[in-house]
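*Asks:*
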Amino acid sequence: MTVQELARDDADHYAEWFAVLADGTRVRLLHTLSASPTGAMRVGDLATTLGISQSTCSHHVELLRKVGFVVVDKVGTASMVSVNAACCTGLPHAADVVMGTLSSPPCCPEDLPTDVTTRPTTVSDLPAVLDIYAEGLATRNATFETEVPTADEMWSRWIPDASWVAELDGQVVGWTAITPVSSRECYAGVGESSVYVAEAARGRGVGKALLFTQVTEADRAGLWTLQTSIFPENRASLALHRSAGYRTLAVRTRIAQLDGVWRDTVLLERRRDAD
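Just so we're aligned: the sequence shown equals residues 622 to 896 in the working numbering.
1) Quick test of your reading: valine 702 and leucine 667, contact by CB under 8 Å. State the CB separation rounded to the nearest angstrom.
2) For serine 674, which residues in the same chain have their Cβ closer than 7 Å to its Cβ, ignoring the five residues on either side in sequence?
3) Alpha carbons only, please: which of Thr659, Val664, Ala640, Cys728 is nearest the one belonging to leucine 650?
4) Under the DSSP definition of a beta bridge, which residues are partnered with methionine 701?
5) The beta strand (DSSP E) that contains arginine 892, what's its start and end?
6) What are the start and end residues of the beta strand (DSSP E) that includes proline 801?
7) In chain order, what residues of the same chain have a beta carbon less than 8 Å from the beta carbon of alanine 755, not counting five sequence neighbours either side?
8) Express the C-alpha separation of methionine 662 and glycine 843 in angstroms, rounding to a whole number.
9) Give me, in chain order, the residues of the same chain whose beta-carbon lies closer than 8 Å to that of leucine 861; leave out the 5 immediate sequence neighbours on both sides.
10) Who are tryptophan 785's beta bridge partners in DSSP?
11) Counting only the same chain and skipping the five closest in sequence on each side, list residues whose C-beta sits under 6 Å from that of alanine 798.
12) Check whether the segment 805 to 825 and the segment 870 to 881 touch, using three or more Cβ-Cβ pairs below 8 Å as the test.
13) Between alanine 774 and tryptophan 796, what straight-line distance do the alpha-carbon atoms span, to the nearest angstrom?
14) What whole-angstrom Cβ distance do proline 734 and glycine 826 have, given they're in contact under 8 Å?
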(Lines of atoms letter the chains of each structure in order from A and count residues from 1; the text may use other names and numbers.)
(Lines give C-alpha, C1' and ligand atoms only; values in the text may rest on other atoms or scores of the structure.)
Protein backbone atom coordinates (compact mmCIF):
# COMPACT_ATOMS: atom_id res chain seq x y z
CA MET A 1 0.00 0.00 0.00
CA THR A 2 1.37 3.46 -0.89
CA VAL A 3 0.86 6.04 1.84
CA GLN A 4 0.34 9.56 0.53
CA GLU A 5 2.89 12.00 1.91
CA LEU A 6 1.50 14.48 4.43
CA ALA A 7 1.90 18.04 3.20
CA ARG A 8 4.12 20.24 5.36
CA ASP A 9 1.41 22.90 5.81
CA ASP A 10 -1.08 20.26 6.97
CA ALA A 11 1.49 18.72 9.30
CA ASP A 12 2.24 22.10 10.86
CA HIS A 13 -1.48 22.82 11.25
CA TYR A 14 -2.18 19.49 12.94
CA ALA A 15 0.90 19.84 15.13
CA GLU A 16 -0.44 23.13 16.44
CA TRP A 17 -3.73 21.42 17.34
CA PHE A 18 -2.03 18.52 19.08
CA ALA A 19 0.39 20.83 20.92
CA VAL A 20 -2.47 22.80 22.45
CA LEU A 21 -4.14 19.57 23.53
CA ALA A 22 -0.93 18.30 25.15
CA ASP A 23 -2.20 19.45 28.51
CA GLY A 24 -4.63 17.55 30.71
CA THR A 25 -6.43 20.66 31.96
CA ARG A 26 -7.14 21.89 28.45
CA VAL A 27 -8.40 18.45 27.43
CA ARG A 28 -10.71 18.41 30.48
CA LEU A 29 -11.85 21.95 29.69
CA LEU A 30 -12.74 21.05 26.13
CA HIS A 31 -14.55 17.90 27.26
CA THR A 32 -16.50 19.82 29.91
CA LEU A 33 -17.72 22.29 27.30
CA SER A 34 -18.59 19.51 24.86
CA ALA A 35 -20.64 17.69 27.51
CA SER A 36 -22.43 20.83 28.70
CA PRO A 37 -26.20 20.65 27.96
CA THR A 38 -26.20 24.31 26.88
CA GLY A 39 -23.00 24.06 24.86
CA ALA A 40 -21.60 27.19 26.53
CA MET A 41 -20.29 28.08 29.99
CA ARG A 42 -18.99 31.15 31.78
CA VAL A 43 -15.27 31.21 32.51
CA GLY A 44 -16.00 31.36 36.23
CA ASP A 45 -18.22 28.28 36.10
CA LEU A 46 -15.60 26.43 34.05
CA ALA A 47 -12.93 27.28 36.61
CA THR A 48 -15.11 26.00 39.45
CA THR A 49 -15.91 22.77 37.61
CA LEU A 50 -12.25 22.12 36.82
CA GLY A 51 -11.02 23.11 40.29
CA ILE A 52 -8.64 25.80 39.03
CA SER A 53 -8.39 29.57 39.46
CA GLN A 54 -10.30 31.85 37.11
CA SER A 55 -7.07 33.39 35.81
CA THR A 56 -5.65 29.94 35.01
CA CYS A 57 -8.89 28.99 33.29
CA SER A 58 -8.82 32.17 31.21
CA HIS A 59 -5.25 31.37 30.14
CA HIS A 60 -6.24 27.89 28.91
CA VAL A 61 -9.35 29.23 27.20
CA GLU A 62 -7.26 31.78 25.31
CA LEU A 63 -4.86 29.10 24.04
CA LEU A 64 -7.80 26.98 22.84
CA ARG A 65 -9.39 30.04 21.23
CA LYS A 66 -6.24 30.91 19.26
CA VAL A 67 -6.28 27.57 17.40
CA GLY A 68 -10.05 27.68 16.95
CA PHE A 69 -11.19 24.95 19.35
CA VAL A 70 -13.44 27.33 21.29
CA VAL A 71 -15.29 30.57 20.72
CA VAL A 72 -15.51 33.31 23.36
CA ASP A 73 -18.44 35.72 23.36
CA LYS A 74 -19.04 38.64 25.70
CA VAL A 75 -22.50 38.55 27.29
CA GLY A 76 -22.70 41.61 29.50
CA THR A 77 -19.65 41.44 31.73
CA ALA A 78 -19.34 37.65 31.46
CA SER A 79 -17.22 35.72 28.95
CA MET A 80 -19.18 32.79 27.54
CA VAL A 81 -17.05 29.97 26.15
CA SER A 82 -18.41 27.42 23.66
CA VAL A 83 -16.95 24.68 21.48
CA ASN A 84 -16.21 25.60 17.87
CA ALA A 85 -17.99 22.61 16.35
CA ALA A 86 -16.52 23.08 12.87
CA CYS A 87 -12.96 23.00 14.15
CA CYS A 88 -13.42 20.08 16.52
CA THR A 89 -15.07 18.04 13.80
CA GLY A 90 -11.72 17.95 12.02
CA LEU A 91 -9.91 16.30 14.93
CA PRO A 92 -10.77 12.65 14.13
CA HIS A 93 -9.85 13.26 10.50
CA ALA A 94 -6.52 14.80 11.51
CA ALA A 95 -5.70 11.82 13.71
CA ASP A 96 -6.63 9.41 10.91
CA VAL A 97 -4.39 11.27 8.44
CA VAL A 98 -1.40 11.37 10.77
CA MET A 99 -1.71 7.71 11.74
CA GLY A 100 -2.32 6.57 8.16
CA THR A 101 -5.56 4.74 9.00
CA LEU A 102 -7.80 6.29 6.37
CA SER A 103 -7.28 3.30 4.10
CA SER A 104 -8.85 0.90 6.62
CA PRO A 105 -12.01 2.45 8.07
CA PRO A 106 -14.47 0.34 10.07
CA CYS A 107 -16.97 -1.69 8.06
CA CYS A 108 -20.13 -0.91 9.95
CA PRO A 109 -21.55 -0.21 13.41
CA GLU A 110 -21.13 -2.84 16.13
CA ASP A 111 -23.21 -3.68 19.21
CA LEU A 112 -26.46 -3.69 17.27
CA PRO A 113 -29.66 -3.66 19.33
CA THR A 114 -31.53 -6.95 19.47
CA ASP A 115 -34.98 -5.35 19.64
CA VAL A 116 -34.68 -3.25 16.47
CA THR A 117 -35.38 -4.79 13.06
CA THR A 118 -34.83 -3.27 9.63
CA ARG A 119 -36.49 -4.00 6.28
CA PRO A 120 -36.95 -2.37 2.86
CA THR A 121 -39.28 0.63 2.81
CA THR A 122 -42.75 0.21 1.29
CA VAL A 123 -45.16 2.88 0.08
CA SER A 124 -47.34 2.25 3.12
CA ASP A 125 -44.42 3.32 5.35
CA LEU A 126 -44.27 6.82 3.86
CA PRO A 127 -46.64 8.56 6.33
CA ALA A 128 -44.41 7.42 9.22
CA VAL A 129 -41.29 8.30 7.23
CA LEU A 130 -42.57 11.84 6.64
CA ASP A 131 -43.53 12.29 10.29
CA ILE A 132 -40.00 11.32 11.35
CA TYR A 133 -38.55 13.63 8.70
CA ALA A 134 -40.68 16.49 10.04
CA GLU A 135 -39.17 15.94 13.50
CA GLY A 136 -35.71 16.20 11.94
CA LEU A 137 -36.62 19.44 10.18
CA ALA A 138 -37.83 20.92 13.45
CA THR A 139 -34.41 20.48 15.09
CA ARG A 140 -32.79 22.74 12.49
CA ASN A 141 -29.70 20.54 12.78
CA ALA A 142 -30.61 17.81 10.30
CA THR A 143 -31.14 19.40 6.87
CA PHE A 144 -31.35 22.69 5.00
CA GLU A 145 -34.83 21.73 3.85
CA THR A 146 -37.60 23.61 5.67
CA GLU A 147 -40.77 22.00 4.30
CA VAL A 148 -41.82 18.35 4.37
CA PRO A 149 -42.21 16.99 0.80
CA THR A 150 -45.17 14.96 -0.34
CA ALA A 151 -45.01 11.18 -0.20
CA ASP A 152 -44.63 11.00 -3.99
CA GLU A 153 -41.81 13.55 -3.97
CA MET A 154 -39.96 11.70 -1.24
CA TRP A 155 -40.36 8.30 -2.92
CA SER A 156 -39.18 9.64 -6.27
CA ARG A 157 -35.94 10.99 -4.79
CA TRP A 158 -34.58 7.63 -3.73
CA ILE A 159 -32.66 5.06 -5.72
CA PRO A 160 -35.06 2.11 -6.23
CA ASP A 161 -34.60 -0.58 -3.56
CA ALA A 162 -32.18 1.66 -1.63
CA SER A 163 -34.33 2.71 1.31
CA TRP A 164 -35.01 0.93 4.60
CA VAL A 165 -37.02 1.46 7.76
CA ALA A 166 -36.36 0.40 11.34
CA GLU A 167 -39.07 -1.04 13.55
CA LEU A 168 -39.27 -1.15 17.33
CA ASP A 169 -42.21 -2.85 19.02
CA GLY A 170 -43.94 -3.08 15.66
CA GLN A 171 -43.68 0.66 14.94
CA VAL A 172 -41.58 2.43 12.29
CA VAL A 173 -39.08 4.49 14.30
CA GLY A 174 -36.47 5.42 11.72
CA TRP A 175 -35.47 5.29 8.08
CA THR A 176 -32.50 5.60 5.79
CA ALA A 177 -32.38 6.13 2.05
CA ILE A 178 -29.90 6.76 -0.75
CA THR A 179 -30.45 9.30 -3.51
CA PRO A 180 -28.43 9.53 -6.74
CA VAL A 181 -25.89 12.34 -6.91
CA SER A 182 -25.99 12.58 -10.70
CA SER A 183 -27.85 11.24 -13.72
CA ARG A 184 -24.52 10.59 -15.51
CA GLU A 185 -23.69 6.92 -15.95
CA CYS A 186 -20.18 7.31 -14.54
CA TYR A 187 -21.70 8.23 -11.16
CA ALA A 188 -24.21 5.39 -11.08
CA GLY A 189 -22.47 3.87 -8.06
CA VAL A 190 -22.38 7.09 -6.03
CA GLY A 191 -25.22 7.97 -3.67
CA GLU A 192 -26.14 10.59 -1.09
CA SER A 193 -27.36 8.97 2.12
CA SER A 194 -29.84 10.17 4.75
CA VAL A 195 -30.68 8.73 8.18
CA TYR A 196 -33.49 9.86 10.47
CA VAL A 197 -34.65 8.45 13.82
CA ALA A 198 -37.90 9.29 15.61
CA GLU A 199 -37.36 11.53 18.61
CA ALA A 200 -39.02 9.06 20.98
CA ALA A 201 -36.69 6.24 19.86
CA ARG A 202 -33.36 8.03 20.03
CA GLY A 203 -30.71 6.39 22.18
CA ARG A 204 -32.06 2.89 21.46
CA GLY A 205 -29.54 1.95 18.77
CA VAL A 206 -31.95 2.58 15.91
CA GLY A 207 -29.38 4.62 14.01
CA LYS A 208 -26.79 1.84 14.36
CA ALA A 209 -29.22 -0.72 12.98
CA LEU A 210 -30.11 1.52 10.04
CA LEU A 211 -26.47 2.34 9.18
CA PHE A 212 -25.53 -1.33 9.35
CA THR A 213 -28.30 -2.18 6.87
CA GLN A 214 -27.54 0.82 4.68
CA VAL A 215 -23.85 0.15 4.16
CA THR A 216 -24.04 -3.63 3.85
CA GLU A 217 -26.94 -3.50 1.38
CA ALA A 218 -25.33 -0.68 -0.59
CA ASP A 219 -22.16 -2.77 -0.91
CA ARG A 220 -24.18 -5.73 -2.19
CA ALA A 221 -26.02 -3.50 -4.66
CA GLY A 222 -22.77 -2.28 -6.21
CA LEU A 223 -22.73 1.26 -4.86
CA TRP A 224 -19.06 2.08 -4.49
CA THR A 225 -19.35 5.48 -2.78
CA LEU A 226 -21.77 6.85 -0.22
CA GLN A 227 -21.56 10.48 0.83
CA THR A 228 -23.44 12.70 3.23
CA SER A 229 -23.34 16.24 4.61
CA ILE A 230 -23.95 16.77 8.32
CA PHE A 231 -24.13 19.92 10.42
CA PRO A 232 -21.06 19.99 12.72
CA GLU A 233 -23.38 20.59 15.68
CA ASN A 234 -24.94 17.15 15.09
CA ARG A 235 -22.13 15.25 16.79
CA ALA A 236 -24.22 12.12 17.39
CA SER A 237 -24.77 11.74 13.66
CA LEU A 238 -21.09 12.35 12.92
CA ALA A 239 -20.05 9.63 15.37
CA LEU A 240 -22.65 7.24 13.97
CA HIS A 241 -21.45 7.67 10.40
CA ARG A 242 -17.80 7.28 11.37
CA SER A 243 -18.68 3.96 12.99
CA ALA A 244 -19.96 2.85 9.58
CA GLY A 245 -16.74 3.68 7.75
CA TYR A 246 -17.55 7.24 6.69
CA ARG A 247 -14.56 9.58 6.88
CA THR A 248 -14.41 13.37 6.97
CA LEU A 249 -13.40 14.93 3.68
CA ALA A 250 -13.93 18.59 4.49
CA VAL A 251 -15.75 21.13 6.60
CA ARG A 252 -17.64 23.29 4.10
CA THR A 253 -17.71 26.70 5.75
CA ARG A 254 -20.83 28.86 5.26
CA ILE A 255 -22.03 26.57 2.49
CA ALA A 256 -25.70 27.67 2.64
CA GLN A 257 -28.22 29.55 4.75
CA LEU A 258 -30.92 28.09 6.99
CA ASP A 259 -33.48 30.54 8.34
CA GLY A 260 -31.26 33.36 7.13
CA VAL A 261 -28.18 32.11 9.00
CA TRP A 262 -25.04 30.84 7.27
CA ARG A 263 -24.29 27.25 8.30
CA ASP A 264 -21.32 24.92 7.91
CA THR A 265 -21.55 21.28 6.94
CA VAL A 266 -19.16 18.36 7.28
CA LEU A 267 -18.75 16.36 4.08
CA LEU A 268 -18.22 12.65 4.75
CA GLU A 269 -17.67 9.76 2.37
CA ARG A 270 -17.61 5.98 2.58
CA ARG A 271 -15.93 3.82 -0.08
CA ARG A 272 -16.78 0.20 -0.63
CA ASP A 273 -13.90 -2.03 0.52
CA ALA A 274 -13.52 -3.71 -2.87
CA ASP A 275 -12.96 -0.32 -4.52
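The C-beta atom is built at its ideal place from N, Cα and C for all residues, glycine as well.
*Replies:* This is what the structure gives:
1) Indeed they touch by this definition, with Cβ atoms about 6 Å apart.
2) Ala668
3) Val664
4) Arg663, Asp694
5) Residues 882 to 892.
6) 792 to 801
7) Val769
8) Between glycine 843 and methionine 662, the C-alpha separation is close to 47 Å.
9) Closer than 8 Å at Cβ, skipping near neighbours: Pro730, Val816, Gly828, Lys829, Leu832.
10) Pro741, Thr797
11) Close CB contacts of alanine 798 within its chain, under the 6 Å cut and outside five residues either way in sequence, are with Trp779, Ser784, Ser815 (chain order).
12) no
13) In the sequence under discussion, the amino acid at residue 774 is glutamate, which differs from the alanine named in the question. Spanning the two alpha carbons is a distance of roughly 16 Å.
14) The C-beta separation of proline 734 from glycine 826 comes to about 3 Å, placing the pair in contact by the 8 Å criterion.
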